[in-house]
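Take the sequence shown: its position 73, counting from 1, is numbered 120 in our numbering, and each next residue is one higher. Inspection log for the structure reproduced underneath, given as structure tokens.
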Amino acid sequence: MNEKTVYACADQEHDAWVCGKCGYIENFEADGPEENGWRFCPACGREIVIADETSELTKKQWDWIMGRFSRAE
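Here it is as structure tokens:
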């Protein structure tokens, strides 16, 4: 498999990162996947690309990511 996935920080306070392809969520003790030596998503096996402020995530992707972490009841 030569596919990639975008990992985005969905909750900075808790260092919660989510895979843009499979939805796997990981809470790191500090920093993110790159700083913790992660190159591939442990759930789907895709190569990790880190989302940053210059990345071009679509509105649909951001809505999905933020919807997973919505605290509204």
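Here a beta-carbon is modelled for each residue, glycine too, at the ideal position from N, C-alpha and C.
Rounded distance between the beta-carbons of residue j and residue i, thought under 8 Å
{"i": "Phe-123", "j": "Asp-62", "result": "Absent from the model: residue 123. The displayed extent of the chain is 48 to 120, so no value can be given."}
{"i": "Val-65", "j": "Arg-115", "result": "6 Å"}
Distance between residue j and residue i (C-alpha atoms, nearest Å)
{"i": "Ala-90", "j": "Glu-60", "result": "23 Å"}
{"i": "Glu-73", "j": "Cys-88", "result": "10 Å"}
{"i": "Asp-78", "j": "Val-96", "result": "15 Å"}
{"i": "Arg-86", "j": "Glu-94", "result": "6 Å"}
{"i": "Asp-110", "j": "Glu-50", "result": "22 Å"}
{"i": "Pro-80", "j": "Tyr-71", "result": "12 Å"}
{"i": "Glu-82", "j": "Gly-67", "result": "19 Å"}
Residue i beta carbon near the ligand ATP (any heavy atom closer than 6 Å)
{"i": "Glu-81", "result": "Looking for the ligand ATP in the displayed structure turns up nothing, as the structure carries no ligands at all."}
6 Å Cβ shell around residue i - same chain, five flanking residues per side excluded
{"i": "Cys-69", "result": "Ala-90 and Cys-91"}
{"i": "Ile-112", "result": "Ala-55, Ala-57 and Val-65"}
Residue i classed as buried or exposed, judged by whether at least 16 other C-beta atoms fall within 10 angstroms
{"i": "Gly-84", "result": "exposed"}
Please go through the segment 58-89 and give each complete beta strand (DSSP E) segment of 3 or more residues, from N-terminal end onward.
63-66 and 72-74
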